[in-house]
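Numbering (my numbering), first residue to last: 315 to 410.
This is the structure:
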């Protein structure tokens with residue numbers, strides 16, 4: 315399964331700019347480091363599978379159920395564990 319990709323449209327004086335975005339779980343990995351936890355601790359604490367952790371390691375789609383388990387286990391909000399980031403500069407294109 316490919317990365318989650320979303321399109322944002324921004325209207326400016328030259329037309330519509332479309333920017334491809336993808337999900338990033340870098341905030342989750344930083345949170346684990348800050349709390350002195352490992353990925354195996356996350357699995358046990360939140361009751362999620364190794365496959366889910368592997369998918370997040372590849373920034374792939376996750377169900378809201380898995381995200382809710384993580385947020386409950388870590389006592390945090392979804393914005394503390396993931397964010398939408400530009401896919402890359404080359405994917406932004408001008409539409410006229």
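Heads up, the beta-carbon is just placed ideally off N, CA and C, and yes, glycines get one too.
Residue(s) in a DSSP beta bridge with residue i
{"i": "residue 364", "result": "Bridge partners of residue 364: none, in fact."}
{"i": "residue 358", "result": "DSSP output for residue 358 lists no bridge partner at all."}
Beta carbon of residue i nearer than 9 Å to that of residue j
{"i": "residue 345", "j": "residue 388", "result": "yes"}
{"i": "residue 383", "j": "residue 367", "result": "no"}
{"i": "residue 386", "j": "residue 360", "result": "yes"}
{"i": "residue 401", "j": "residue 357", "result": "no"}
{"i": "residue 349", "j": "residue 371", "result": "no"}
Assigned secondary structure, residue i (DSSP; H/G/I helix, E/B strand, else coil)
{"i": "residue 352", "result": "coil"}
Kindly confirm or deny that the stretch 338-345 and the stretch 389-397 touch, where touching means at least three C-beta pairs closer than 8 Å.
Yes, since at least three Cβ pairs between the stretch 338-345 and the stretch 389-397 fall closer than 8 Å, the two stretches touch.
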